[in-house]
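Counting with numbering that gives the first Met the number 0, you get residues 0 to 60 for the letters of the sequence shown. For every residue, glycine included, the Cβ atom is placed at its ideal position computed from N, Cα and C. Since this is a predicted model, take the numbers as computed values, not measurements.
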Amino acid sequence: MSDNRTIRGSIDVDHETVARTAYKMANDLWYREHSSDPKASDEAFLKLVSKCSKALRGLIV
């Protein structure tokens with residue numbers, strides 16, 4: 000018997016939690032790629048944080 004039901008709705012996660020998690024994800028990815036911590040002024044790192052944030056919120060990157 001197959002179950003064709005779908006789940007609708009969203010999980011309520013506050014913006015601060017998403018931001019903190021996105022930063023950690025981006026930092027980990029950056030370190031794996033560059034073997035160094037990113038600089039706060041590095042535009043590529045800021046874009047990576049933004050993409051991680053969108054991915055966590057379920058947006059298409």
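Between residue 45 and residue 15, the alpha-carbon positions lie close to 16 Å from each other. Leaving aside the five residues that flank residue 25 on each side, the residues in its chain whose CB is nearer than 6 Å to its CB run, in chain order, 47, 48, 51. For residue 23, the uninterrupted alpha helix (DSSP H) segment begins and ends at 14–33. With a cutoff of 8 Å on beta-carbon distance, residue 58 and residue 17 are scored as not near each other. C-alpha of residue 29 to C-alpha of residue 22: approximately 10 Å in a straight line.
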